Amino acid sequence: MTNPADLEPIPVPRLERDGVVLRAHTIDDADEVTRRGADPLVQRWTTTPANYTRDMALEFVTRMTGPSRDAIWWAIEVDGRMAGSIDLTTWGRGFSYGAASVGFALSPWARGRGVMTRAVAAAVEYGFDSLGLDTIIWEAYAGNVGSWRAAWGNGFHEFTYISSLLVGKDRLEDAWHAVLRADEPREPQGDWHLAIENSTTPRHQRGL
Numbered sequence: 002m003t004n005p006a007d008l009e010p011i012p013v014p015r016l017e018r019d020g021v022v023l024r025a026h027t028i029d030d031a032d033e034v035t036r037r038g039a040d041p042l043v044q045r046w047t048t049t050p051a052n053y054t055r056d057m058a059l060e061f062v063t064r065m066t067g068p069s070r071d072a073i074w075w076a077i078e079v080d081g082r083m084a085g086s087i088d089l090t091t092w093g094r095g096f097s098y099g100a101a102s103v104g105f106a107l108s109p110w111a112r113g114r115g116v117m118t119r120a121v122a123a124a125v126e127y128g129f130d131s132l133g134l135d136t137i138i139w140e141a142y143a144g145n146v147g148s149w150r151a152a153w154g155n156g157f158h159e160f161t162y163i164s165s166l167l168v169g170k171d172r173l174e175d176a177w178h179a180v181l182r183a184d185e186p187r188e189p190q191g192d193w194h195l196a197i198e199n200s201t202t203p204r205h206q207r208g209l
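My numbering puts the first residue of the sequence shown at 2, with every later residue one more than the last.
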């Protein structure tokens, strides 16, 4: 397996999907990131620190701006305005590993418009078709229905509830986990209600 340190950094590509643009972060995004960081839902469903400051936002966008060997971090733009962030990360292994996880967060003003579903579609397409990934994993704190909808809408399946899987701010959080493979349909799979039931039943309770 290729050592990530031997790989060339990958510049952040500009992608577009039905009016949603994925681009590199810039310093100008710091104000919107600051506002997003104070949102109660972002505070609940992510590890964003409480009392989020503009200095923290500046550090975030600066860190996310440049090329990377093992992750791509996009800003999401709608109607010319920064609306969120989305990433593909490989846990330090590099994209030649063949697998990555997708993570994302959206500003309150952009929710309820299908923005994140389209952003995930663009990121997934790039991951499979341009980076040559075999598998993309989605994980979120259990109960994050907005994130679940964006994943389900793009074909993620095998939804599983796993206790104490993700590191939270001050404890381990129960999580939802799903996968999408390169050769699978990138549209909703199966019955919505059954997928939700699988997402809300702890793995150990289903005998897995």
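Think of the CB as a built atom: it goes at the ideal place given N, C-alpha and C, for glycine as much as any other residue. Source: prediction; values computed, not measured.
{"Asked": "Secondary structure of E17, DSSP reduced to three states", "Found": "strand"}
{"Asked": "Element boundaries [alpha helix (DSSP H), containing T118]", "Found": "116-130"}
{"Asked": "Alpha-carbon spacing of L89 relative to G67, whole angstroms", "Found": "14 Å"}
{"Asked": "Nearest-angstrom beta carbon gap, A152 and V1 [assumed within contact, 8 Å]", "Found": "No answer is possible for residue 1: it lies beyond the span of the chain, which begins at 2 and ends at 209."}
{"Asked": "Backbone CA spacing between R36 and S131 [nearest angstrom]", "Found": "33 Å"}
{"Asked": "For A183, three-class secondary structure by DSSP", "Found": "coil"}
{"Asked": "Per DSSP, the bridge partner or partners of E1", "Found": "The question about residue 1 has no answer here: the residues shown for the chain are numbered 2 through 209."}
{"Asked": "With 16 other Cβ atoms within 10 Å as the buried cut-off, status of D171", "Found": "exposed"}
{"Asked": "DSSP-derived helix/strand/coil call for F157", "Found": "coil"}
{"Asked": "W46, buried or exposed, once every other Cβ within 10 Å from all chains shown has been counted against 16", "Found": "buried"}
{"Asked": "Residues near L59 by beta carbon distance below 6 Å, same chain, minus five either side", "Found": "A31"}
{"Asked": "Range of the contiguous alpha helix (DSSP H) that encloses D56", "Found": "55-66"}
{"Asked": "Between the CA atoms of A123 and R18 - distance to the nearest angstrom", "Found": "6 Å"}
{"Asked": "Assigned secondary structure, S108 (DSSP; H/G/I helix, E/B strand, else coil)", "Found": "coil"}
{"Asked": "Opposing strand residues paired with L23 [DSSP bridges]", "Found": "L16, I77"}
{"Asked": "Alpha-carbon spacing of S108 relative to G38, whole angstroms", "Found": "9 Å"}
{"Asked": "Straight-line Cα distance separating Y162 from E174", "Found": "11 Å"}
{"Asked": "Coarse secondary structure for D1, derived from DSSP in three states", "Found": "Because the chain is modelled from 2 through 209, residue 1 falls outside the range shown and cannot be assessed."}
{"Asked": "Sufficient close CB pairs (3 or more, under 8 Å) joining the region 80-87 to the region 136-150", "Found": "no"}
{"Asked": "Identity of the residues DSSP links to A100 by a beta bridge", "Found": "T136"}
{"Asked": "Rounded distance between the beta-carbons of L166 and I214, thought under 8 Å", "Found": "Here the chain has residues from 2 to 209 only, and residue 214 is not among them."}
{"Asked": "Secondary structure of T35, DSSP reduced to three states", "Found": "helix"}
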